[in-house]
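Position in the sequence shown counted from 1, then plus 652, gives you the numbering used here. Some notes on the structure that comes next.
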Amino acid sequence: MRKIPALKTVLFLLCCASVRAEIEPAVVVNIPQPVGLTMGESCRADIRFHIAPGFHIQANPASEKFLIAAELKVGSTTGVQAVKVIYPSGKPYRLKGINKPLSVYGGDFSVGLILTAHPSAKPGASELKGSFRFQACDEKTCLFPDKISVIVPVQVSKASKAPPENKKNPKPCVSAAAIKRDSDDP
């Protein structure tokens with residue numbers, strides 16, 4: 653007799669696992685093209701995210717302290733670091749029964765990342781690794797808070813003799829394909 657409830661439990665869990673495997677993830681990060689960065693300079697890279705249809709996540713900052721704001725954290729490598737994260741403004745989302753709209757992200761959006769290469773950074777390819785924390789919700793329920801990995805490929809090139817850049821408003825990062833590789837030197 654004890655085998656039947658155990659068998660039912662196992663079958664239920666297998667069904668749930670197979671359904672879960674077919675569901676599209678609520679949030680996906682689009683891995684950026686390698687970012688071109690010159691030694692001693694800064695630039696802004698945009699990390700793109702996609703929220704599945706029917707879902708939203710809390711903006712940063714979140715509308716209320718008890719809500720879980722989206723948060724991008726990116727580490728450093730030798731000579732290259734992420735010095736600032738720039739979140740977009742959220743869009744208003746009104747839940748039934750709540751007077752104040754929430755500030756959320758949905759669909760496709762980008763988070764800005766100011767990257768700086770130290771003047772002594774080693775030219776070549778590297779990766780900045782990090783994570784994006786969020787809680788996806790639909791109009792009725794919220795999923796458990798989640799975290800996905802983020803990798804930002806970076807290509808550092810030698811400094812030029814150009815005048816220093818504007819540190820308050822770094823230029824957009826260029827694609828690493830547009831940078832002449834040190835190995836291309838004659």
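The beta carbon of each residue, even a glycine, is placed where N, CA and C say it ideally should be. Predicted model only: the values in this text are computed from it and were never measured.
Margin query: To the nearest angstrom, how far is the alpha carbon of G731 from that of K774?
Written below: 7 Å
Margin query: Please state the DSSP three-state secondary structure of P822.
Written below: In the structure shown, P822 sits in coil (DSSP, three-state: anything other than H, G, I, E or B).
Margin query: So for S772, helix, strand or coil by DSSP?
Written below: S772 falls in the coil class under three-state DSSP.
Note to self: Looking at the strands, I want to know which residues DSSP matches up with R696.
What the structure shows: I766 and P824
Margin query: Here's the rule I'm using: 16 or more other beta-carbon atoms within 10 Å means buried, otherwise exposed. How should G759 be labelled?
Written below: exposed
Next item on the list: May I have the straight-line CA-CA distance separating P822 from I803, to the nearest angstrom?
Entry: 21 Å
Next item on the list: Have a look at the DSSP bridge pairing and note the partners of I703.
Entry: V679
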